[in-house]
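Visitor: Pasting a structure below so you can have a look.
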Amino acid sequence: MNIQEAKETIEKALRAYFARDEIGFPLVPLRQQRPILLIGPPGIGKTAIMEQIAEECGVGLVAYTMTHHTRQSAMGLPEICTRGIEGKMVHTTEYTMSEIIASIYDCMEQTGKKRGILFLDEINCVSETLAPVMLQLLQDKKFGNQRIPDDWLIVAAGNPPEYNKSVREFDVATLDRVRKIEVVPELSVWLSYAEKNQIHGAVTTYLMAHSDHFYSVSQEADEKRFVTARGWEDLSAVLKSYEILNFPVDEALIGQYLQEEKTAEEFNSYYRIYEKYGQDYGVEEILTSAFSGEIMAEKKKMAENGSAEERSVLLSLFHAALQKEASACQKQEHTAKELSECLRQFTGLCRQKKDETYASWLRQKEQGFAVCKKQGLLKKDEEETNARVLKKLKKLEETAKKCRKTDPDQMKELFETVCELEQEKAEKEVKDVKQQIRRAAEFLQNSFPGGAEVVLFEANLARSPALRGFLIEESMDAEG
1 MNIQEAKETI EKALRAYFAR DEIGFPLVPL RQQRPILLIG PPGIGKTAIM EQIAEECGVG
61 LVAYTMTHHT RQSAMGLPEI CTRGIEGKMV HTTEYTMSEI IASIYDCMEQ TGKKRGILFL
121 DEINCVSETL APVMLQLLQD KKFGNQRIPD DWLIVAAGNP PEYNKSVREF DVATLDRVRK
181 IEVVPELSVW LSYAEKNQIH GAVTTYLMAH SDHFYSVSQE ADEKRFVTAR GWEDLSAVLK
241 SYEILNFPVD EALIGQYLQE EKTAEEFNSY YRIYEKYGQD YGVEEILTSA FSGEIMAEKK
301 KMAENGSAEE RSVLLSLFHA ALQKEASACQ KQEHTAKELS ECLRQFTGLC RQKKDETYAS
361 WLRQKEQGFA VCKKQGLLKK DEEETNARVL KKLKKLEETA KKCRKTDPDQ MKELFETVCE
421 LEQEKAEKEV KDVKQQIRRA AEFLQNSFPG GAEVVLFEAN LARSPALRGF LIEESMDAEG
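At position 165 of the sequence shown (counting the first as 1) the number is 165 in the UniProt record's numbering, and the numbers step up by one without a gap.
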């Protein structure tokens, strides 16, 4: 199955194992709660889906790469104890708590989440001394004489033998106690993931045209040559950062992520074309209506005479630019909303406590954010919103001190002004994004009358989590 199907399977297993009947007993008895064993090539997202599942299901996650561990760190250290057996005091060997099991209890204490996932990567590549310990874990859910806590699902992952010489095959007795899932790379699934995570347009358009370059592992002489989904995603991140910093992108950089010479060479050539079209068309200027009528006519003529590849790149450039603007707009909306909520909280507290100061309230707010972050209670976007809000709250405090307006009533006035400005900014950004979508659609309609480009453009908007809402609002506005 593909990685998305594997994710859905694990989510269902999690819910089934944690479900209880009317008297509180598990629907799936503990003895029948088999660990899940994911077997698939490296770099296809096995670790990433564990993080997604834990976040979406609201459970804890403890992850270990088992090739980094020894028998002692997995089982605990031996210690000599004295105990009575048949009337005699004898010395026996016991073990300290396993580092891995201790980490589970630490996670439960820090996050308050009593349920979770124990994810053990590269489990079939462990050392010879650790292999029996891993078998015991999969068979009995124990490290030595210590059991994994109830309501913790064990998910193990490994690579097939053709990808790793260190792989140890599991015997039938072990495989008969796990749910084995074989995962294969699938481009269409990864492209859906890429859309949600705004992977660089050059990467996605290249892969749509060269699907056979998405994933490959080969052996030439003594050297492994490979391209993985992880490599494409990491390359996307570095391309974006290099473009912001105006650093040059060359084949050497690309080859550090795509470790297959032919693919790196071809993508480098494609990226040059993608970059050139971006400069030739000036997509940002088209979206902001910065060009004169004469220059705009030239751009439309250029698009009309462009090749199929050029049209594909142009659609990608429009989409990437709009995604960027829509994401910034959503962040501003979330910031404005959270600031308004903070104002409501501060105003309510001032009514309850007449001697309440903004400074003391802000310190409490800051501590609350820190606790939520430490306990893993926030999603990534929530954490970013909190960071932006906290920055603005601190700036408000500095402004109040400079203006010598620090009593509660004066602070509320300043606070209200900030909230109004942030809300106005959010509303303006929404209007700007809608206008840019219209300009992009108009440019494509005029450049390719009767062509499929506008349909593809709208289909891409509908698939994008960042842009989908704007498309719906535009449709409602048109109907209204």
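Don't be surprised by glycine CBs; every beta carbon is placed ideally from N, CA and C.
1. Applying the 10 Å Cβ sphere with the 16-neighbour rule, what's the burial state of P408?
2. Take R272 and list the residues in its own chain whose beta-carbon comes closer than 8 Å to its own, dropping the five residues that flank it on each side.
3. Considering C342, what are the terminal residues of the beta strand (DSSP E) in which it resides?
4. DSSP on Y64, reduced to helix/strand/coil?
5. Can you tell me where the beta strand (DSSP E) holding P38 begins and where it ends?
6. Could you compute how far the alpha carbon of A202 sits from the alpha carbon of I254?
7. Could you give the residue range of the alpha helix (DSSP H) that holds G278?
8. Please confirm whether L444 and F457 have their CB atoms less than 7 Å apart.
9. For L153, which residues does DSSP report across the bridge?
10. By the three-class DSSP mapping on this structure, what secondary structure does H91 have?
11. Ordered along the chain, which non-local residues of its own chain (more than five positions away) have a Cβ less than 7 Å from that of A264?
12. What's the gap between the Cα of T288 and the Cα of K434?
13. For the segment 52 to 65 and the segment 109 to 124, state whether three or more C-beta atom pairs, one from each stretch, are separated by less than 8 Å.
14. Let me confirm a value: E8 is counted as buried when at least 16 other C-beta atoms fall within 10 Å, else exposed. Which label applies?
15. Can the beta-carbon of G43 be found closer than 7 Å to that of T205?
16. Name the residue from N386, R351, K301 whose alpha carbon lies nearest to the alpha carbon of G368.
17. Whose C-beta lies closer than 6 Å to the C-beta of H213 among residues of the same chain, with five residues either side of it excluded?
18. Helix, strand or coil for T82 per DSSP?
19. Less than 7 Å between the beta carbons of I181 and A19, yes or no?
20. Measuring alpha carbon to alpha carbon, tell me which residue in E11, K373, G40, M411 is nearest T111.
21. Would you kindly report the start and end of the unbroken beta strand (DSSP E) that includes Q4?
22. What distance in whole Å lies between the Cβ atoms of Y17 and L235, which are believed to be in contact at a cut-off of 8 Å?
23. Going straight from the alpha carbon of V403 to that of K412, what length do you get?
24. With A157 and L14 assumed to form a contact (beta carbons below 8 Å), what rounded beta-carbon distance in angstroms separates them?
25. Would you give the residue range spanned by the alpha helix (DSSP H) that Q219 belongs to?
26. Between L77, A102, K88, L362, which lies nearest to E94 when the distance is taken from Cα to Cα?
Guide: Let's see:
1. If you number the sequence shown from 1, residue 408 lands on position 408. So P408 ends up on the buried side.
2. Counting from one through the sequence shown, the residue named residue 272 turns up at place 272. Nothing meets the Cβ criterion.
3. The residue you call residue 342 lines up with position 342 of the sequence shown. Per DSSP, C342 is not a residue of any beta strand (DSSP E); the alpha helix (DSSP H) it occupies stretches across 308 to 352.
4. By one-based count along the sequence shown, residue 64 stands at place 64. Residue state, collapsed to three classes: strand.
5. If you number the sequence shown from 1, residue 38 lands on position 38. The question names Pro, yet the displayed sequence has Leu at residue 38. From DSSP, the beta strand (DSSP E) with L38 extends over 36 to 39.
6. By 1-based counting over the sequence shown, the position of residue 202 is 202. By 1-based counting over the sequence shown, the position of residue 254 is 254. Roughly 12 Å between the two C-alpha positions.
7. Residue 278 sits at position 278 when you count from the first residue of the sequence shown. Segment 261 to 281, the alpha helix (DSSP H) holding G278.
8. To locate residue 444, count along the sequence shown from 1; it is residue 444. To locate residue 457, count along the sequence shown from 1; it is residue 457. Yes; because the gap between Cβ atoms is below 7 Å, this pair is in contact.
9. Translated into positions along the sequence shown, residue 153 becomes position 153. L153 pairs with I117.
10. To locate residue 91, count along the sequence shown from 1; it is residue 91. DSSP places H91 in the strand class (E or B) of the three-state scheme.
11. Within the sequence shown, residue 264 is the residue found at index 264, counting from 1. Contacts found: E251, I254, G255, L258.
12. Counted from its first residue, the sequence shown places residue 288 at position 288. Counted from its first residue, the sequence shown places residue 434 at position 434. When rounded, the distance between both Cα atoms is 11 Å.
13. Contact between the segment 52 to 65 and the segment 109 to 124 is present, because at least three Cβ pairs lie under 8 Å.
14. Working through the sequence shown from its first residue, we reach residue 8 at position 8. It counts as exposed.
15. Residue mapping note: residue 43 aligns to position 43 of the sequence shown, counting from 1. Residue mapping note: residue 205 aligns to position 205 of the sequence shown, counting from 1. If you check the CB distance, G43 and T205 do not come in under 7 Å.
16. For the purposes of this step, residue 368 is identified with residue 368 of the sequence shown, where counting begins at 1. Between G368 and the set N386, R351, K301, the nearest pair of CA atoms involves N386.
17. Residue numbering aside, residue 213 sits at position 213 when the sequence shown is read from its first letter. For H213, the CB contacts under 6 Å within the same chain, skipping 5 residues up- and downstream, are T263 in chain order.
18. Within the sequence shown, the letter at position 82 stands for residue 82. Secondary structure of T82 (DSSP, three-state): strand.
19. Residue numbering aside, residue 181 sits at position 181 when the sequence shown is read from its first letter. Residue numbering aside, residue 19 sits at position 19 when the sequence shown is read from its first letter. No.
20. Stepping through the sequence shown from its first residue, residue 111 is reached at position 111. Ranking E11, K373, G40, M411 by Cα distance to T111 puts K373 first.
21. Translated into the one-based positions of the sequence shown, residue 4 becomes position 4. Where Q4 is concerned, there is no enclosing beta strand (DSSP E), although the alpha helix (DSSP H) it sits in stretches over 3 to 18.
22. Here residue 235 refers to the residue found at position 235 when the sequence shown is read from its first residue. Here residue 17 refers to the residue found at position 17 when the sequence shown is read from its first residue. That belief does not hold up - the Cβ atoms of L235 and Y17 are roughly 37 Å apart, past 8 Å.
23. As a position in the sequence shown, residue 403 is number 403, starting the count at 1. As a position in the sequence shown, residue 412 is number 412, starting the count at 1. The question names Val, but residue 403 is Cys in the sequence shown. Taken atom to atom, the span from the alpha-carbon of C403 to that of K412 is near 14 Å.
24. One-based indexing of the sequence shown puts residue 157 at position 157. One-based indexing of the sequence shown puts residue 14 at position 14. 16 Å between Cβ atoms; not a contact.
25. Looking up residue 219 in the sequence shown gives position 219. Annotation: Q219 is outside any alpha helix (DSSP H); the continuous beta strand (DSSP E) that includes it extends over 216 to 220.
26. The residue labelled residue 94 in the question sits at position 94 within the sequence shown. Of the candidates L77, A102, K88, L362, L77 places its Cα closest to the Cα of E94.
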